[in-house]
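Asker: One structure follows; several queries about it will come next.
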Ligand code: HEC
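Residue numbers (the working numbering): 30 to 155.
Now the structure itself:
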């Protein structure tokens with residue numbers, strides 16, 4: 030009986046640990062995921078590439094880097110970037126903001142999305 034209880038507690042702890050990790054994301058793992066983005070995006074300098082720089086992305090209004098030429102869809106989306114909107118956009122860029130011009134199919138795994146958001150939070154100053 031004792032053994033069963035102990036096992037149940039251990040499994041419970043593992044499950045909780047896993048859930049926390051899935052929600053919070055792992056910035057270190059996210060750095061690797063960001064390799065898929067860095068051809069087009071810079072996180073630590075206000076420098077645009079194919080895509081706008083991502084400095085201060087958390088809490089930033091979509092489509093508002095001054096010298097970047099956004100699609101009308103992005104510029105007029107009315108979205109503010111936070112964990113929820115980023116997760117939705119990165120899962121399905123075309124579906125979330127129809128007509129935006131980010132040529133990226135999207136991240137399939139929820140962990141990758143959580144991880145890259147954790148990395149963005151850590152590396153973009155917001
Ligand atoms: C092939 C180039 C390319 C890749 C790869 C790419 N993006 Fe983008 N991204 C863009 C472009 C271009 C835009 C602007 C879209 C528009 O104006 O419609 C954009 C816009 C964004 C925005 C909105 C920025 C703002 O100022 O509102 C975010 C956030 C973003 N990308 C994050 C990412 C992340 C994270 C990845 C990797 C998982 C990624 N992008 C991969 C080109 C890219």
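By construction, the Cβ of each residue, glycine as well, lies at the ideal position given by its N, Cα and C atoms. The structure displayed is predicted, hence computed values, not measured ones.
Any idea what DSSP makes of residue 153, helix, strand or coil?
Answerer: In the structure shown, residue 153 adopts coil according to DSSP, grouped into three states.
Asker: Between residue 126 and residue 134, what straight-line distance do the alpha-carbon atoms span, to the nearest angstrom?
Answerer: 13 Å
Asker: Work out the CA separation of residue 61 and residue 74 for me, nearest whole Å.
Answerer: 19 Å
Asker: Report yes if the CB atom of residue 150 is closer than 7 Å to the CB atom of residue 87, and no otherwise.
Answerer: yes
Asker: Please indicate yes or no: does the CB of residue 80 lie closer than 6 Å to some heavy atom of the ligand HEC?
Answerer: yes
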